[in-house]
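Trainee:
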Amino acid sequence: MKLLSYEDLIARGIPYSRVHLWRLSQQGKFPMPVKISTNRNAWVESEINQFIEDKILDRDGILPTAAKQSPTKKQIEAYGLYRTGMPFSAVAETLGIGEAAAKARVYNYMKAMRKMRKSA
């Protein structure tokens, strides 16, 4: 697993500001960063690659609407652990991510499920 810095994102053609990336990640539209130190974030390379591939498929009209709204495997996994009664800190530890990322995955899962129910 490789982590990408903010500069790596720019080199990959993602020219968003740090604030815009934060807003998108809070809305579930961009992968959540991994906190690697007090003032340093990084992103998981495979999640960024998937984001770019989804944007290309969306542009080409290949990505179906349901795929845009359906929860990711990581969100499903986090939600499943949370539903067993685990606190967010334990979910985060089990998945090897930060507590904020665990919360975001659970909340983004619930948001995706609400969207799917509304569109059905």
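Per this note's numbering: the sequence shown = residues 923 to 1042.
Where a beta carbon is used, it is the ideal one built from N, C-alpha and C, also for glycine.
Just so you know, these numbers come straight off a predicted model, no measurement behind them.
Out of D930, A1026, L943 and K924, which has the shortest C-alpha to C-alpha gap to Q997?
Mentor: Cα-wise, what sits closest to Q997 is A1026.
Trainee: Looking at K957 and G1020, is the spacing between their C-beta atoms short of 8 angstroms?
Mentor: Yes, these two residues count as a Cβ contact at 8 angstroms.
Trainee: Taking DSSP's pairing of strands, which residues face W965 in a bridge?
Mentor: L926, per the DSSP bridge assignment.
Trainee: Any heavy atom of the ligand HEM closer than 7 angstroms to the Cβ of E929?
Mentor: Among the ligands in the structure shown, none appear at all, so the ligand HEM cannot be discussed.
Trainee: Any idea if I970 is buried or exposed, counting beta-carbon neighbours within 10 angstroms, 16 or more meaning buried?
Mentor: So I970 ends up on the buried side.
Trainee: Within its chain, find whatever has a CB closer than 7 angstroms to the CB of A964; leave out the 5 residues flanking it on each side and keep chain order.
Mentor: So the list reads L925, L926, S927, P955, V956 and I958, once near-sequence residues are dropped.
Trainee: By Cβ distance, which residues of its chain are closer than 8 angstroms to A1012, with the 5 residues on each side in sequence left out?
Mentor: If we look at A1012 and ignore the five residues flanking it on each side, its Cβ neighbours are L1003.
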